[in-house]
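J.:
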Amino acid sequence: MKKNSSEQILMQLKMRGEATALLISEELDITKEGARKHLLNLSEAGLVQATVKSEGVGRPSTYYSLTDKGLSRFPDTHADITVQLLQSVKKLLGENALDLLISDREKAIYERYAKQMEGSETIEQKLDVLSKRRSEEGYIAEWKKEDDAYYLIENHCPICAAATECQGFCRSELHNFKQLIGEDYDLERTEYIIENGNRCVYRIKKSS
């Protein structure tokens with residue numbers, strides 16, 4: 702089902718962090734006035750906020766971003782109960798049990814992704830599969846190439862509360878990505894939602 706313009710705008714702001722009405726109009730192929738109208742309605746609904754920025758010569762530009770209410774449209778899956786369960790595991794069974802749980806999850810995810818990547822030989826093919834699968838799991842993932850580097854971008858984290866409580870989840874995902882991409886490439890996380898980033902970004906470069 703095709704999303705309406707308001708939903709598409711919320712998605713654009715989630716992925717970009719902030720954007721002007723002009724940029725939104727170009728991305729959605731609608732008029733600038735139409736984009737402004739949608740942004741005004743979203744602002745009145747408490748989903749979007751505006752910030753005026755001076756950018757040198759000329760009139761200041763108005764940038765729009767999501768409010769906390771707007772961000773809540775992209776939920777952290779079962780956040781409260783997940784954190785409670787993790788805290789209970791640590792309290793009752795200890796850190797070692799939690800490490801075993803994360804290792805088991807890491808192995809299962811790796812095996813699933815690796816199977817889906819069978820037949821993918823190029824880095825582009827691997828990133829196509831990985832971004833598609835991660836998007837299906839709620840990460841709103843995409844990839845792009847800039848100069849000599851590839852970037853895997855996850856615009857949302859559906860397990861953010863769990864990852865904040867136990868960053869072993871993030872370490873295991875990073876380890877899986879490195880294995881899946883292969884030893885011919887170096888992979889590092891350059892943006893991190895848990896460290897107040899708008900998204901998680903992984904830079905992938907050919908090994909020297």
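Counting from 702, one number per residue, gives the positions in the sequence shown under the working numbering.
Positions of the beta carbon are idealized from the N, C-alpha and C atoms, including for glycine.
Tell me which residues share the same chain as K845 and place their Cβ nearer than 6 Å to its Cβ, disregarding the 5 neighbours each side in the sequence.
T.: Numbered from its first residue, the sequence shown carries residue 845 at position 144. These residues qualify, in order along the chain: Y852.
J.: Based on the DSSP secondary-structure assignment, which residues constitute the bridge partners of A842?
T.: In the sequence shown, residue 842 corresponds to position 141, counting from 1. Note: A842 sits in a beta bridge opposite E855.
J.: Can you name, in chain order, every residue of its own chain whose Cβ lies under 8 Å from the Cβ of Q788, other than the five neighbours on each side?
T.: The count along the sequence shown starts at 1 and reaches residue 788 at position 87. Hits under 8 Å: E866.
J.: For a minimum of 4 consecutive residues, which ranges assigned as the alpha helix (DSSP H) are wholly contained in the region 764-819?
T.: 769-772, 780-794 and 796-817
J.: Of the choices I854, G883 and S744, whose alpha-carbon is the least far from that of R890?
T.: In the sequence shown, counting from the first residue as 1, residue 890 sits at position 189. The candidate whose alpha carbon is nearest that of R890 is I854.
J.: Buried or exposed, going by whether 16 or more other CB atoms sit within 10 Å of the CB of R774?
T.: Taking the sequence shown and counting its residues from 1, one reaches residue 774 at position 73. By the neighbour-count rule (16 or more Cβ atoms within 10 Å), R774 is not buried but exposed.
J.: Which residue or residues does DSSP assign as beta-bridge partners of I905?
T.: Taking the first residue of the sequence shown as position 1, residue 905 is located at position 204. According to DSSP, which records beta bridges pairwise, I905 is partnered with Y851 and L888.
J.: So is S832 buried or exposed if we call it buried at 16+ other beta carbons inside 10 Å?
T.: Numbered from 1 along the sequence shown, position 131 holds the residue referred to as residue 832. With 16 or more other Cβ atoms within 10 Å, it is buried.
J.: Between the Cα of L802 and the Cα atoms of D885, K770, L743 and A863, which residue gives the shortest distance?
T.: The residue given as residue 802 occupies position 101 in the sequence shown. Considering only alpha carbons, the answer is A863.
J.: To the nearest angstrom, how far is it from the Cα of L786 to the Cα of T732?
T.: As a first step, residue 786 is located in the sequence shown; it is residue number 85 there, counting from the start. As a first step, residue 732 is located in the sequence shown; it is residue number 31 there, counting from the start. Straight-line Cα distance between these residues: approximately 48 Å.
J.: Roughly how many angstroms separate the alpha carbons of K670 and H857, rounded to a whole number?
T.: Residue 670 lies beyond the range of the chain shown here (702 to 909); nothing can be said about it.
J.: What three-state label does DSSP hand T865 in the structure shown?
T.: Residue numbering aside, residue 865 sits at position 164 when the sequence shown is read from its first letter. The answer is helix: DSSP assigns T865 an H, G or I state.
J.: May I ask whether a heavy atom of the ligand COA can be found less than 7 Å away from the beta carbon of L799?
T.: This structure simply doesn't include the ligand COA, nor any ligand for that matter.
J.: Beta strand (DSSP E) containing A722: first to last residue?
T.: Numbered from 1 along the sequence shown, position 21 holds the residue referred to as residue 722. No beta strand (DSSP E) holds A722; the alpha helix (DSSP H) holding it covers A722 to L729.
J.: Near L740, which residues of its chain fall below 8 Å by C-beta distance, leaving aside the five closest residues on each side in sequence?
T.: As a working note, residue 740 is residue 39 in the sequence shown. For L740, where only same-chain residues beyond five positions count, the Cβ hits under 8 Å are I710, A722, I725, V749, A751 and Y765.
J.: Taking just the CA atoms, how far does L875 sit from A736?
T.: Translated into positions along the sequence shown, residue 736 becomes position 35. Translated into positions along the sequence shown, residue 875 becomes position 174. Rounded to the nearest angstrom, the two C-alpha atoms are 37 Å apart.
J.: With three or more beta-carbon pairs closer than 8 Å as the criterion, would you say the region 804-820 touches the region 876-886?
T.: yes
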